[in-house]
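Chains as they are written, first to last, in my numbering: chain F, 89 to 508; chain G, 89 to 508.
There are 2 protein chains.
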Amino acid sequence: MEETLTGNILVAQSGGPSAVINASLAGVITEALNHECIEEIYGGLNGVEGILNEQLIDLAAESQQTVRGLCTTPASALGTCRYKLKSERDFARIIDVFKAHNIRYFFYIGGNDSQDTANKIAECAKSSGYELRVIGIPKTIDNDLPVTDHCPGYGSVVKYLCTSIRELALDHESMGNHDLVSIVEVMGRNAGWIAAGTSVAKRRNQPEDAPHIILLPEVAFNADYFLSQVQECLKKNKFCLVVASEGIIDANGNYVAAADAHDSFGHSQLGGVGEYLQQLVAKNLPGVRARSCKLGHAQRCAEQCASQTDSNEAFMCGQMAVRAAVNGESGKMVALIRGDTEKYTCETTLTELSSVANGVKHFPENWISDDKISVSYQFNKYVMPLLQGEVQVPYENGLPAYVRLSKERIQPKLAPYAAE
Amino acid sequence: MEETLTGNILVAQSGGPSAVINASLAGVITEALNHECIEEIYGGLNGVEGILNEQLIDLAAESQQTVRGLCTTPASALGTCRYKLKSERDFARIIDVFKAHNIRYFFYIGGNDSQDTANKIAECAKSSGYELRVIGIPKTIDNDLPVTDHCPGYGSVVKYLCTSIRELALDHESMGNHDLVSIVEVMGRNAGWIAAGTSVAKRRNQPEDAPHIILLPEVAFNADYFLSQVQECLKKNKFCLVVASEGIIDANGNYVAAADAHDSFGHSQLGGVGEYLQQLVAKNLPGVRARSCKLGHAQRCAEQCASQTDSNEAFMCGQMAVRAAVNGESGKMVALIRGDTEKYTCETTLTELSSVANGVKHFPENWISDDKISVSYQFNKYVMPLLQGEVQVPYENGLPAYVRLSKERIQPKLAPYAAE
Numbered sequence: 089m090e091e092t093l094t095g096n097i098l099v100a101q102s103g104g105p106s107a108v109i110n111a112s113l114a115g116v117i118t119e120a121l122n123h124e125c126i127e128e129i130y131g132g133l134n135g136v137e138g139i140l141n142e143q144l145i146d147l148a149a150e151s152q153q154t155v156r157g158l159c160t161t162p163a164s165a166l167g168t169c170r171y172k173l174k175s176e177r178d179f180a181r182i183i184d185v186f187k188a189h190n191i192r193y194f195f196y197i198g199g200n201d202s203q204d205t206a207n208k209i210a211e212c213a214k215s216s217g218y219e220l221r222v223i224g225i226p227k228t229i230d231n232d233l234p235v236t237d238h239c240p241g242y243g244s245v246v247k248y249l250c251t252s253i254r255e256l257a258l259d260h261e262s263m264g265n266h267d268l269v270s271i272v273e274v275m276g277r278n279a280g281w282i283a284a285g286t287s288v289a290k291r292r293n294q295p296e297d298a299p300h301i302i303l304l305p306e307v308a309f310n311a312d313y314f315l316s317q318v319q320e321c322l323k324k325n326k327f328c329l330v331v332a333s334e335g336i337i338d339a340n341g342n343y344v345a346a347a348d349a350h351d352s353f354g355h356s357q358l359g360g361v362g363e364y365l366q367q368l369v370a371k372n373l374p375g376v377r378a379r380s381c382k383l384g385h386a387q388r389c390a391e392q393c394a395s396q397t398d399s400n401e402a403f404m405c406g407q408m409a410v411r412a413a414v415n416g417e418s419g420k421m422v423a424l425i426r427g428d429t430e431k432y433t434c435e436t437t438l439t440e441l442s443s444v445a446n447g448v449k450h451f452p453e454n455w456i457s458d459d460k461i462s463v464s465y466q467f468n469k470y471v472m473p474l475l476q477g478e479v480q481v482p483y484e485n486g487l488p489a490y491v492r493l494s495k496e497r498i499q500p501k502l503a504p505y506a507a508e
Numbered sequence: 089m090e091e092t093l094t095g096n097i098l099v100a101q102s103g104g105p106s107a108v109i110n111a112s113l114a115g116v117i118t119e120a121l122n123h124e125c126i127e128e129i130y131g132g133l134n135g136v137e138g139i140l141n142e143q144l145i146d147l148a149a150e151s152q153q154t155v156r157g158l159c160t161t162p163a164s165a166l167g168t169c170r171y172k173l174k175s176e177r178d179f180a181r182i183i184d185v186f187k188a189h190n191i192r193y194f195f196y197i198g199g200n201d202s203q204d205t206a207n208k209i210a211e212c213a214k215s216s217g218y219e220l221r222v223i224g225i226p227k228t229i230d231n232d233l234p235v236t237d238h239c240p241g242y243g244s245v246v247k248y249l250c251t252s253i254r255e256l257a258l259d260h261e262s263m264g265n266h267d268l269v270s271i272v273e274v275m276g277r278n279a280g281w282i283a284a285g286t287s288v289a290k291r292r293n294q295p296e297d298a299p300h301i302i303l304l305p306e307v308a309f310n311a312d313y314f315l316s317q318v319q320e321c322l323k324k325n326k327f328c329l330v331v332a333s334e335g336i337i338d339a340n341g342n343y344v345a346a347a348d349a350h351d352s353f354g355h356s357q358l359g360g361v362g363e364y365l366q367q368l369v370a371k372n373l374p375g376v377r378a379r380s381c382k383l384g385h386a387q388r389c390a391e392q393c394a395s396q397t398d399s400n401e402a403f404m405c406g407q408m409a410v411r412a413a414v415n416g417e418s419g420k421m422v423a424l425i426r427g428d429t430e431k432y433t434c435e436t437t438l439t440e441l442s443s444v445a446n447g448v449k450h451f452p453e454n455w456i457s458d459d460k461i462s463v464s465y466q467f468n469k470y471v472m473p474l475l476q477g478e479v480q481v482p483y484e485n486g487l488p489a490y491v492r493l494s495k496e497r498i499q500p501k502l503a504p505y506a507a508e
């Protein structure tokens with residue numbers, strides 16, 4: 089055990105929100121209260137962007153009810169940002185803010201970029217001789233962080249999508265005897281983790297269940313092959329549900345949807361993959377009805393469909409980050425490790441921030457089936473435990489009662505910062 | 089009380105599915121078991137289309153568990169159709185099928201078209217001297233059936249959309265200090281009931297809450313006015329959530345999305361209203377981020393977010409239909425009436441099928457606010473009670489366990505029917 093470091097903590101959130109990123113925040117706050125060396129619990133608004141501007145709030149002033157409510161509230165309660173610290177001046181300013189408020193513990197909840205930022209802040213503090221402990225807390229629905237077995241946020245988006253796909257499938261199956269193709273566009277621009285996850289919407293041993301075709305960004309899209317697979321599926325089922333990652337690319341590495349919009353209409357923004365595939369089917373398979381839906385950002389913040397396992401693990405990551413820092417660790421990210429047992433267990437470990445920063449965990453090639461439109465049983469075994477249990481969202485007057493932080497501001501101590 | 093009519097019942101579903109149409113089916117089956125005059129309980133597959141083809145199943149053979157499960161299973165368990173009986177020959181065939189299977193009670197669960205079909209079948213039976221009791225059971229997420237205070241299916245779609253909008257709003261609000269416009273395209277091609285319903289996603293007394301702009305098909309769309317309203321909202325909130333009915337029209341009565349696609353690209357199918365508005369904002373408001381999502385058919389079958397009040401009322405409609413028929417009624421539809429009390433109560437009554445068939449209940453003009461982009465408190469009072477309570481979907485292995493009928497077929501007794 090390291091020497092006790094007494095001071096204040098600062099926690100912030102970064103990158104795209106998720107259904108469970110606030111559970112990690114709750115984990116940090118709850119655990120921080122257990123340690124005498126921690127004096128004040130501050131939150132930074134809108135990630136490093138807010139910290140640069142000294143936008144800090146007093147998290148200890150939030151009610152117990154609100155902190156508990158964070159575990160069932162989606163999105164980033166502290167606000168988030170996609171700002172990248174640009175210069176030495178930026179980093180020096182961060183350290184100045186930390187010094188001004190005696191921040192000795194910094195926790196950054198986010199994905200690849202955020203872990204990189206946390207790493208750089210840790211290095212900057214060290215090189216300037218300011219004693220600071222920095223721990224990263226993993227979060228990304230994309231599930232593409234290295235080292236960690238999986239990422240908080242991923243299980244919930246998969247649970248939501250699988251639920252919606254089961255419901256859509258029942259809807260479409262009930263629509264009678266007409267050939268119907270339904271496209272569901274899902275997130276995950278560069279990695280197929282999310283699209284692949286929808287494979288478990290199939291009931292066990294029911295190969296005729298939706299989704300029938302999964303288009304991954306790892307597999308070059310071929311329109312002819314796709315249409316032939318759709319036709320084969322329609323022959324068997326009269327109905328074909330296609331899950332398409334928003335980021336599917338053609339053999340030349342161009343995004344499929346953007347490419348088409350460019351070629352035919354001279355602009356690149358119109359339509360997503362769902363619309364594109366819907367048109368492709370409508371034009372090439374006469375008599376077949378085609379539909380698409382784009383759940384958009386609704387999929388990453390669907391608390392009413394979130395996984396309790398995911399939420400618990402997100403909370404645990406927050407807790408363990410604080411424990412690690414209090415124990416003297418710094419420059420690390422909390423990572424999840426899966427037990428080697430038949431029954432799923434999950435614990436945390438620590439990994440160097442530098443080993444995570446800006447790295448990407450690709451979807452394993454050997455989990456993609458030979459037909460290139462489905463995934464292996466090994467993947468299903470990987471993903472199923474992450475969906476278990478249902479977050480119980482409190483309702484009020486018929487609608488989910490999500491909490492908002494009261495955001496009691498900490499008086500700034502520095503002159504305003506002028507960004508470059 | 090009429091003379092007892094002994095025989096079999098047939099129940100079928102028609103039109104677009106909903107989250108609670110199966111609860112009405114469960115209501116029919118459950119109530120039918122209480123009456124000795126009812127001998128067999130048959131289901132017709134795919135509405136009148138299946139009945140023409142003598143595709144009947146034995147609903148009494150379904151397990152109790154399955155029938156109970158129908159109350160928490162979305163879409164049409166019997167299958168549905170959009171087929172319109174075309175000729176006297178079609179109607180005569182229906183009566184022949186009824187005679188062959190001694191069907192003396194016919195229940196048709198559906199919207200405007202379906203009630204019209206039920207009405208014609210009732211008339212046809214009467215004119216051919218075949219004793220048959222026909223009761224319609226209302227269902228439509230569009231909420232546009234005349235006479236009935238509201239329609240089973242409507243409360244659940246509104247509850248789902250309001251939940252998703254609250255979640256999207258938290259997501260977008262947390263995305264920092266950039267102007268952001270988010271478009272949510274919702275169903276309801278010809279009436280604004282669904283779009284209007286999303287207004288209650290706002291927390292009480294929080295006018296800054298989403299949705300900020302609601303575009304109803306009843307209000308002619310004006311791009312300039314829309315953009316000015318968006319800008320005004322961004323000034324206040326930095327974030328503007330727009331709910332757009334898929335059926336909004338311009339001053340000439342043309343669908344907004346289809347019109348644009350025609351004019352600019354020479355085809356009418358590409359893109360929905362959401363994509364169109366996203367482009368409109370992106371092109372005309374530089375520096376503003378625009379996003380859209382299209383929940384599509386996911387919104388009408390979202391059982392995991394369904395209203396218990398809605399489900400209970402759907403079940404009650406099925407029950408009351410059977411009671412009415414057993415009591416000698418025919419040629420009627422079950423309608424919901426709201427009690428005159430402060431606390432919401434709901435009972436059923438009967439209305440002539442002819443008063444409902446093909447009629448439409450428009451969204452009341454005086455519930456549209458003067459700004460044309462919001463709705464009145466009177467409407468909120470109307471819709472809130474319909475969202476109360478949460479359907480408890482059973483989960484199995486992390487995903488909703490929806491039931492499927494085993495569909496034990498009844499042996500056909502007639503020669504196959506050749507459609508014209």
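For glycine and all other residues, C-beta sits at the position ideal for the given N, C-alpha and C.
Any beta-carbon of chain F closer than 7 Å to the one on residue 200(G)? As a position in the second sequence, residue 200(G) is number 112, starting the count at 1. No - not a single Cβ of chain F is within 7 Å of the one on residue 200(G).
Interface partners of residue 386(F) on chain G, CB under 7 Å: Start at 1 with the first residue of the first sequence, and residue 386(F) comes out as number 298. Chain G residues near residue 386(F): 252, 255, 256, 381, 383.
Min CB distance residue 350(F) to chain G below 7 Å: Numbered from its first residue, the first sequence carries residue 350(F) at position 262. At residue 350(F) the pLDDT is 38, less than 50, meaning the model places this residue with poor confidence and gives no usable figure here.
Please state whether DSSP places residue 451(G) in a helix, a strand or coil. Translated into positions along the second sequence, residue 451(G) becomes position 363. The answer is coil: DSSP assigns residue 451(G) none of H, G, I, E or B.
For residue 263(F), which residues in chain G fall below 7 Å Cβ to Cβ? Working through the first sequence from its first residue, we reach residue 263(F) at position 175. Going along chain G in sequence order, the residues near residue 263(F) (Cβ under 7 Å) are 168.
I'd like to know whether the C-beta of residue 392(F) is nearer than 7 Å to at least one C-beta of chain G. Translated into the one-based positions of the first sequence, residue 392(F) becomes position 304. For residue 392(F), the answer is yes, since a Cβ of chain G falls inside 7 Å of its Cβ.
Quick one: measure Cβ to Cβ for residue 244(G) and residue 395(G), integer angstroms, because I've assumed they're closer than 8 Å. Here residue 244(G) is taken as the residue at index 156 of the second sequence, counted from 1. Here residue 395(G) is taken as the residue at index 307 of the second sequence, counted from 1. At roughly 5 Å, the Cβ-Cβ gap stays under 8 Å, so residue 244(G) and residue 395(G) are in contact.
At a CB distance below 7 Å, what residues from the segment 120-142 of chain F approach chain G? Give them in sequence order. 134, 137
Proximity of residue 410(F) and residue 213(F) at Cβ, strictly below 7 Å: Here the question's residue 410(F) lines up with position 322 in the first sequence. Here the question's residue 213(F) lines up with position 125 in the first sequence. No.
Between which two residues does the beta strand (DSSP E) harbouring residue 461(G) extend? On the second sequence, residue 461(G) is found 373 positions in, with the first residue counted as 1. It is not in any beta strand (DSSP E) - residue 461(G) carries neither H nor E in the DSSP assignment.
Helix, strand or coil for residue 136(G) per DSSP? To locate residue 136(G), count along the second sequence from 1; it is residue 48. The answer is helix: DSSP assigns residue 136(G) an H, G or I state.
Would a C-beta distance cut-off of 7 Å place residue 216(G) and residue 183(G) closer than the cut-off? As a working mapping, residue 216(G) is identified with position 128 in the second sequence. As a working mapping, residue 183(G) is identified with position 95 in the second sequence. The answer is yes: Cβ separation under 7 Å.
Let me confirm a value: residue 458(F) is counted as buried when at least 16 other C-beta atoms fall within 10 Å, else exposed. Which label applies? Within the first sequence, the letter at position 370 stands for residue 458(F). By the 10 Å Cβ count, residue 458(F) comes out exposed.
Would residue 407(G) pass as an interface residue toward chain F - the criterion being a Cβ-Cβ separation below 7 Å? Taking the second sequence and counting its residues from 1, the one referred to as residue 407(G) is at position 319. So, not an interface residue.
Which two residues bound the contiguous beta strand (DSSP E) that contains residue 43(G)? Coverage of chain G is limited to positions 89 through 508, which leaves residue 43(G) absent and any answer about it impossible.
Which residue from 398(F), 338(F), 239(F), 275(F) puts its Cα closest to that of residue 310(F)? As a first step, residue 310(F) is located in the first sequence; it is residue number 222 there, counting from the start. Nearest option by C-alpha distance: 338(F).
Beta-carbon proximity check, residue 439(F) vs residue 185(F), cutoff 7 Å: In the first sequence, the residue the question calls residue 439(F) occupies position 351. In the first sequence, the residue the question calls residue 185(F) occupies position 97. The answer is no: Cβ separation not under 7 Å.
Do the segment 364-374 of chain F and the segment 306-323 of chain F make contact, defined as three or more Cβ pairs closer than 8 Å? yes
Does the Cβ of residue 433(G) have 16 or more other Cβ atoms within 10 Å, making it buried, or fewer, making it exposed? Position 345 of the second sequence, counted from the start, is the residue given in the question as residue 433(G). When all chains shown are included, residue 433(G) counts as exposed.
Could you tell me if residue 168(F) is buried or exposed, where buried requires 16 or more neighbouring beta carbons within 10 angstroms of its beta carbon? For this step, residue 168(F) is matched to residue 80 along the first sequence. Residue 168(F) is buried by the Cβ-count criterion.
Which chain F residues sit within Cβ distance under 7 Å of residue 476(G)? One-based indexing of the second sequence puts residue 476(G) at position 388. Under the 7 Å cutoff, chain F gives 486.
Mind checking who residue 421(F) pairs with in its DSSP beta bridge? By 1-based counting over the first sequence, the position of residue 421(F) is 333. DSSP output for residue 421(F) lists 224(F), 439(F) as bridge partner(s).
Going by beta-carbon coordinates alone, are residue 297(F) and residue 376(F) separated by less than 7 Å? Position 209 of the first sequence, counting from 1, holds the residue named residue 297(F). Position 288 of the first sequence, counting from 1, holds the residue named residue 376(F). No, Cβ-Cβ distance for residue 297(F) and residue 376(F) is not below 7 Å.
Decide if residue 96(G) is buried, meaning its Cβ has at least 16 other Cβ atoms within 10 Å, or exposed. One-based indexing of the second sequence puts residue 96(G) at position 8. When all chains shown are included, residue 96(G) counts as buried.
Check whether the segment 477-497 of chain F touches the segment 259-277 of chain F, taking contact to mean three or more Cβ pairs, one atom from each stretch, closer than 8 Å. no
Between which two residues does the beta strand (DSSP E) holding residue 194(G) run? What you label residue 194(G) is simply residue 106 of the second sequence in a count that begins at 1. Start and end: 191-198.
At what residues does the alpha helix (DSSP H) containing residue 405(F) begin and finish? As a position in the first sequence, residue 405(F) is number 317, starting the count at 1. 396-414 is the extent of the alpha helix (DSSP H) around residue 405(F).
Which class does residue 169(F) belong to by DSSP, given the choice of helix, strand or coil? Counting from 1 along the first sequence, the entry for residue 169(F) is found at position 81. Coil.
Would you say residue 114(F) lies against chain G (beta-carbon separation less than 7 Å)? For this step, residue 114(F) is matched to residue 26 along the first sequence. False, the Cβ-Cβ gap to chain G never drops below 7 Å.
What residues in its chain sit with their C-beta under 8 Å from that of residue 352(G), if we drop five residues either side in the sequence? Here residue 352(G) refers to the residue found at position 264 of the second sequence. With a pLDDT of 36 at residue 352(G), under the threshold of 50, the modelled position of that residue is not reliable, and no figure is offered here.
Mind pulling the chain G residues with CB within less than 7 Å of residue 490(F)? For the purposes of this step, residue 490(F) is identified with residue 402 of the first sequence, where counting begins at 1. Here the neighbours are 254, 258.
Where residue 472(F) meets chain C, residues with beta-carbon distance less than 8 Å: Looking at the structure shown, chain C is missing, and the protein chains on hand are F and G.
Under 7 Å between C-beta atoms, does residue 434(G) make it to chain F? Position 346 of the second sequence, counted from the start, is the residue given in the question as residue 434(G). Not closer than 7 Å to any Cβ of chain F, the Cβ of residue 434(G) fails to qualify, so no.
Could one say the Cβ of residue 163(F) lies closer than 7 Å to chain G's Cβ atoms, at least one of them? In the first sequence, residue 163(F) corresponds to position 75, counting from 1. Chain G contact via Cβ: present.
Could you check where the beta strand (DSSP E) with residue 332(G) kicks off and where it finishes? Here residue 332(G) is taken as the residue at index 244 of the second sequence, counted from 1. Note, residue 332(G): beta strand (DSSP E), 327-333.
Taking DSSP as the reference, what is the three-state secondary structure of residue 343(G)? As a first step, residue 343(G) must be located in the second sequence, where it is residue number 255. Three-state DSSP puts residue 343(G) in a strand.
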